[in-house]
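K.L.:
Before anything else, here's the structure in question.
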Amino acid sequence: MVDIAIGAAGTIPPAEVKDVELYHPKSWVTKYVFCQDAKVIAIQYSITALSIGLVALVLSWLIRLQLAFPSSFSAISPGDYLQFITVHGMIMVIYLLTALFLGGFGNYLIPLMVGARDMVFPYVNMVSYWVYLLAVLVLVASFFMPGGPTGSGWTLYPPQAILSGTPGRDWGIILMAASLILFIIGFTMGGLNYVVTVLQARTRGMTLMRMPLTVWGIFTATVLALLAFPALFVGCVMLLFDRILGTSFFMPAVVEMGEHLKYRGGSPLLFQHLFWFFGHPEVYIVAVPAFGIVSDLIATHARKNIFGYRMMVWAIVVIGALSFVVWAHHMYVSGMNPYFGFFFAATTLIIAIPTAIKVYNWVLTLWRGDIHLTVPMLFALSFIVTFVNGGLTGLFLGNPVVDVPLSDTMFVVAHFHMVMGMAPIFVIFGAIYHWYPKVTGRMLNEMLGKFHFWVTFLGAYAIYFPMHYIGLLGVPRRYFEMGDMAFVPQSATTLNIFITMAALIVGFAQMVFLFNMIWSLSKGKPAGSNPWRATTLEWQTPETPPGHGNWGKELPVVYRWAYDYSVPGAKEDFVPQNQPPVPRAA
Amino acid sequence: MSITILFVLVPIGAIIAWWLSQQRLTAKPWLEVGAIGEVPGTGALSLPAATIGLGVFLAVVSSLFALFVSAYFMRMQVADWAQMPAPKVLWFNTGVLILSSVALQYAQVAARRGRMEGVGDGLIVGGLFAFTFLIGQLFAWRQLNAAGYFLATNPANAFFYLLTGLHGLHLLGGLVALVLTIDKVWRGLELAQVRLSVKLCAIYWHYLLLLWLVLFTLLTPWVGDFAVICRQLLS
């Protein structure tokens, strides 16, 4: 090993943050409700996101029941069905995945992992959560307004989003857009914190290349989100103007029920550009934190350093940059210059290169590792498999020639549920099993965890593998029922019933998980400070759960990278980042 | 979209790339164990966190307005576009906003030199000018409305109201921060703390002035021809 003296690169952070700069809660309300401590905010974000996620889960059951048993549920009208798919998609992508990865894990892990006492702007951080909660409440409120939530699909494409045939045309679309605008404002506040904390509040010795990949992932995703969410903001504001004030940004001249509407000349394509300029980076806003977290889970539970750390960092940055120049691959069927199609197909397929590097590195990390099949590890492994499976169909869909016939079929639904639905969700589960002991001081029950894992993992495949086949048959997505179609064989109907059964079972398995989380809070095995024997800083806090200010009297000093597992000659099979090197004999 | 990518994402990407290039990303951390007592620099900038936070926020605002401008250019290509005349009062408003920026710059220089009374004066005058600008914008809206250029009559009008309104909202947010800073001065906080706040206000003001000049250029009709040329160059 080389001992080096790094002289360069900027200022050296102080050993101590002055105590007066820290925020001190004075009452119960400021400690648990209007709290500025990033750890409490993280828990608030997580609970809110998981709760609204449960609503989306129930909606998915209703969608599946309708698809499997069309004309058996008189309570579900075609309009209801469209509302269910819209709100299900929107909640899952934005209010659950984005909020949980960045607001939940970001808030909890960034300060702890980089050795900071808290986020740099705690007050703004607190406001961020409350604006997010408000956004969720506005979304939920749309269920109770006349006409219900919008049924325009999660992409909210005008003109149909604001035409009177679409469910939720009166209030739903207004509240949806308002809720998204609020979410973006709230996220921007949080995002400023995550970025500046990583930039400025790292403890002594924590160079960028010593950061755990989790922090790299969340940091990159936040930068993406800060630059991409404005596109959705612009789209939503202009959509609101069209809906409420009668402007024609997106609305072309439309004849409705024999009557000319007052709109004219607007460009629906403009909205699609804006939406997907946000929408594609959004995929990576969800995927990149998952990449980071899964790298840490694999290294810790295989007791081996991550293979190709530098490549992993570069790949994350390259994926983030590329994600801004691929958006139009969602618009192959909207009509575009063939050269543009060629350009966007090329950039889309190029993303496969850094992504493949990451997959190889995960697999090579496992190679001859001391693999512990703990619950977090099981979920991490299932992520790799699922992400590869979902990614391969992405290679199909990235080509315009293949995409055009498959567009708007269940094949697309199966693809994105595998790659950005199940894969990140597996990481979220793995991460919860991994960090729950740090957050609460108790372990989650392992038996229940394994049960939860196997049902969810096998169930996910039972749901989405057949769905690819149904899509290849040509069954379109978003259809309330198929009726009698010559090209849909009887087997597709049987498969639909099978998928629905699997979906119901997987859904109920999540109740086991919820029970486990609540039960373990008081009855779980005490975890100790570092149950996984991990190297990263969050496991080295003086208290578990970490106290206010995270680090007792003095901030930790970092001497090494985050992956010193099974170092030859070391006493234990892991060396914490803040463990000083053994002084050489004089 | 090409406008957003060219004028905002490429510069921001260049800044990020430059910053990353300073960060020893080619280091081999697995070979490097620090020695006791030797702490490497983390690459953190010596600027205060709030300044960097403002910088990141301005990047987000730039992205927002660039996307609006992209939409503006894309929508402009449809045949029903009819540019409306810019009210004369906008010239007056522009002048007022420039004066506002100058006043805040004066306050910032005063803060750097430690002249507290100059700071207070500069902030208040700057705030008043900014407020006058907002009133002037409302006045412009009223004039346009009176002349029959309503929001929904034409997309050109809609973009005018939307962009000026959004710019005004950003300025209004800035005014809140400015009032808090003035309050700090009045309460007689120590100079070091006030200095940072004044500096941040001044940066934000200059940014909003620059943004307004860009928007004003784009929204006035005599630029229409120029915009057509730009668009042809870009596409």
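Chains A and B, in that order, give the protein sequences. FYI, the numbering for the first sequence is 495 to 1080, going by the working numbering. FYI, the numbering for the second sequence is 1259 to 1493, going by the working numbering. Glycine included, every Cβ here is placed at the ideal spot set by N, Cα and C.
(1) Could you list which residues in chain A have their beta carbon closer than 8 Å to that of V1367(B), in chain order?
(2) Does the separation of the CB atoms of M745(A) and G729(A) fall below 7 Å?
(3) Use the C-beta contact count for R1370(B): other C-beta atoms within 10 angstroms, 16 or more gives buried, fewer gives exposed.
(4) Are H946(A) and A997(A) close, meaning C-beta to C-beta below 7 Å?
(5) Could you list the residues in the region 1328–1347 of chain B with a C-beta less than 9 Å from some C-beta on chain A, going in chain order?
(6) Compare the Cα-Cα distances from Q766(A) to each of L791(A), V788(A), M732(A) and Q1071(A) and report the closest residue.
(7) Three-state secondary structure (DSSP) at P970(A)?
(8) Look at the alpha carbon of T542(A) and the alpha carbon of G802(A), and state the distance between them as a whole number of angstroms.
(9) Within a Cβ cutoff of 8 Å, which residues of the same chain sit near Y757(A), ignoring the five residues on either side of it in sequence?
(10) Counting only C-beta atoms, is L1264(B) closer than 7 Å to chain A at any point?
(11) Assuming G1384(B) and W1463(B) make a contact with CB atoms under 8 Å, what is their CB distance in whole Å?
(12) With distance defined between alpha-carbon atoms, name the residue in L561(A), E1037(A) and A840(A) nearest to P970(A).
(13) Quick check: the Cα distance between Y626(A) and I588(A), rounded to an integer number of angstroms?
(14) At the level of alpha carbons, what is the spacing between A1329(B) and W555(A)?
(15) Applying the 10 Å Cβ sphere with the 16-neighbour rule, what's the burial state of D978(A)?
(16) Since R972(A) contacts G647(A) with CB under 8 Å, what's their CB separation in whole angstroms?
(17) Can you tell me which of T868(A), L900(A), V780(A) and K852(A) puts its alpha carbon nearest to the alpha carbon of H824(A)?
(18) Under the rule that 16 or more other beta-carbon atoms within 10 Å means buried, what is W856(A), buried or exposed?
(19) For the putative contact between I851(A) and L816(A), defined by C-beta atoms under 8 Å, what is the C-beta separation to the nearest angstrom?
(20) Residues of chain A with a CB under 8 Å from the CB of Q1281(B): which are they?
(21) So for P1287(B), helix, strand or coil by DSSP?
(22) Quick one: any contact between the region 895–913 of chain A and the region 855–869 of chain A, if contact means 3 or more CB pairs under 8 Å?
(23) Of all the options D1067(A), I667(A), P724(A) and N883(A), which has the alpha carbon lying nearest to the alpha carbon of G645(A)?
(24) Answer yes if the region 776–795 of chain A comes into contact with the region 596–606 of chain A, meaning at least three C-beta pairs across the two stretches below 8 Å, and no otherwise.
(25) Is DSSP giving F1068(A) helix, strand or coil here?
(26) Rounded to whole angstroms, what is the Cα-Cα separation between I1244(B) and L1468(B)?
(27) Pop quiz: M620(A) and F528(A) are said to be a contact at Cβ under 8 Å. What is the actual Cβ separation, rounded to whole angstroms?
(28) For S742(A), decide whether its Cβ has a neighbour in chain B, counting only Cβ atoms nearer than 7 Å.
(29) What are the boundary residues of the alpha helix (DSSP H) that includes N1351(B)?
(30) Taking C-beta pairs closer than 7 Å, name the residues in chain B that A725(A) reaches, listed in chain order.
(31) If we count the other Cβ atoms within 10 Å of its Cβ and call it buried at 16 or more, is I546(A) buried or exposed?
(32) 7 Å is my cut-off, CB to CB: does W1399(B) come that close to chain A?
(33) List the residues of chain B that F615(A) touches, going by C-beta distances under 9 Å, in chain order.
(34) Give the interface partners of F1315(B) over in chain A, defined as CB-CB distance under 7 Å, in chain order.
(35) May I ask you to list the residues that DSSP assigns as paired with R1400(B)?
(36) With 7 Å set as the bound, which would you pick, yes or no: does the beta-carbon of W1497(B) sit closer than that to a beta-carbon of chain A?
P.N.:
For this structure:
(1) Within the second sequence, numbered from 1, the residue matching residue 1367(B) stands at position 109. The contact set of V1367(B) on chain A, defined by CB atoms closer than 8 Å, is empty, because the minimum CB distance reaches about 26 Å.
(2) As a working mapping, residue 745(A) is identified with position 251 in the first sequence. As a working mapping, residue 729(A) is identified with position 235 in the first sequence. It is not a contact, given that the beta carbons lie outside the stated cut-off.
(3) To locate residue 1370(B), count along the second sequence from 1; it is residue 112. With fewer than 16 other Cβ atoms within 10 Å, it is exposed.
(4) Stepping through the first sequence from its first residue, residue 946(A) is reached at position 452. Stepping through the first sequence from its first residue, residue 997(A) is reached at position 503. The answer is no: Cβ separation not under 7 Å.
(5) Residues passing the 9 Å Cβ filter: S1328, A1329, M1332, R1333, Q1335, V1336, A1337, D1338 and W1339.
(6) For this step, residue 766(A) is matched to residue 272 along the first sequence. Ranking L791(A), V788(A), M732(A) and Q1071(A) by Cα distance to Q766(A) puts M732(A) first.
(7) As a first step, residue 970(A) is located in the first sequence; it is residue number 476 there, counting from the start. P970(A) carries a strand assignment under DSSP once its states are collapsed to helix, strand and coil.
(8) Position 48 of the first sequence, counting from 1, holds the residue named residue 542(A). Position 308 of the first sequence, counting from 1, holds the residue named residue 802(A). Taking the straight line joining both Cα atoms gives about 36 Å.
(9) The residue labelled residue 757(A) in the question sits at position 263 within the first sequence. For Y757(A), where only same-chain residues beyond five positions count, the Cβ hits under 8 Å are P653, D736, G740, S742, M745, P746, A747 and V748.
(10) The residue you call residue 1264(B) lines up with position 6 of the second sequence. The beta carbon of L1264(B) sits no closer than 7 Å to any beta carbon of chain A.
(11) As a first step, residue 1384(B) is located in the second sequence; it is residue number 126 there, counting from the start. As a first step, residue 1463(B) is located in the second sequence; it is residue number 205 there, counting from the start. So it is a contact: roughly 7 Å between Cβ atoms.
(12) Here residue 970(A) refers to the residue found at position 476 when the first sequence is read from its first residue. The shortest C-alpha separation from P970(A) is found at L561(A).
(13) Position 132 of the first sequence holds residue 626(A). Position 94 of the first sequence holds residue 588(A). Approximately 11 Å, taken between the alpha carbons.
(14) Position 71 of the second sequence, counted from the first residue, corresponds to residue 1329(B). Position 61 of the first sequence, counted from the first residue, corresponds to residue 555(A). Rounded to the nearest angstrom, the two C-alpha atoms are 38 Å apart.
(15) Counting from 1 along the first sequence, the entry for residue 978(A) is found at position 484. Exposed, since its Cβ has fewer than 16 Cβ neighbours within 10 Å.
(16) To locate residue 972(A), count along the first sequence from 1; it is residue 478. To locate residue 647(A), count along the first sequence from 1; it is residue 153. Right, their Cβ atoms sit about 6 Å apart.
(17) Position 330 of the first sequence holds residue 824(A). Nearest C-alpha to H824(A): L900(A).
(18) Counted from its first residue, the first sequence places residue 856(A) at position 362. Classification of W856(A): buried, given that the 10 Å Cβ count is 16 or more.
(19) Position 357 of the first sequence holds residue 851(A). Position 322 of the first sequence holds residue 816(A). Rounded, the Cβ-Cβ distance is 13 Å, inconsistent with contact.
(20) Here residue 1281(B) is taken as the residue at index 23 of the second sequence, counted from 1. Near Q1281(B) (Cβ distances below 8 Å), the residues of chain A are A503, T701, L702 and M703.
(21) The residue given as residue 1287(B) occupies position 29 in the second sequence. If DSSP states are grouped into helix, strand and coil, P1287(B) belongs with the helices.
(22) In short, these stretches do not touch, since the Cβ pair count stays below three.
(23) For this step, residue 645(A) is matched to residue 151 along the first sequence. Comparing alpha carbon positions, the residue from D1067(A), I667(A), P724(A) and N883(A) closest to G645(A) is I667(A).
(24) Segments in contact, yes.
(25) Taking the first sequence and counting its residues from 1, one reaches residue 1068(A) at position 574. Correct three-state label for F1068(A): strand.
(26) What the structure shows of chain B is the stretch from 1259 to 1493, and residue 1244(B) is not part of that stretch, so it cannot be assessed.
(27) The residue given as residue 620(A) occupies position 126 in the first sequence. The residue given as residue 528(A) occupies position 34 in the first sequence. The C-beta distance from M620(A) to F528(A) rounds to 6 Å, short enough to fall under 8 Å.
(28) Position 248 of the first sequence holds residue 742(A). For S742(A), a Cβ of chain B is located within less than 7 Å of the residue's own Cβ.
(29) As a first step, residue 1351(B) is located in the second sequence; it is residue number 93 there, counting from the start. Counted as a single uninterrupted DSSP element, the alpha helix (DSSP H) harbouring N1351(B) occupies residues V1347 to R1371.
(30) Sequence index remark: in the first sequence, residue 725(A) carries index 231 (1-based). Per Cβ cutoff of 7 Å: L1325.
(31) By 1-based counting over the first sequence, the position of residue 546(A) is 52. The Cβ neighbour count for I546(A), taken over all protein chains shown within 10 Å, is at least 16; the residue is labelled buried.
(32) Position 141 of the second sequence holds residue 1399(B). No, W1399(B) does not count as interfacial toward chain A.
(33) Against the first sequence, residue 615(A) aligns to sequence position 121. Against chain B, the beta carbon of F615(A) has neighbours under 9 Å at A1307, A1308 and G1311, listed in chain order.
(34) In the second sequence, counting from the first residue as 1, residue 1315(B) sits at position 57. Contact note: F1315(B) reaches chain A through L686, using a C-beta cutoff of 7 Å and chain order.
(35) Taking the second sequence and counting its residues from 1, the one referred to as residue 1400(B) is at position 142. In DSSP, R1400(B) forms no bridge with anything.
(36) Outside the displayed range of chain B (1259 to 1493) lies residue 1497(B), so it cannot be described from this structure.
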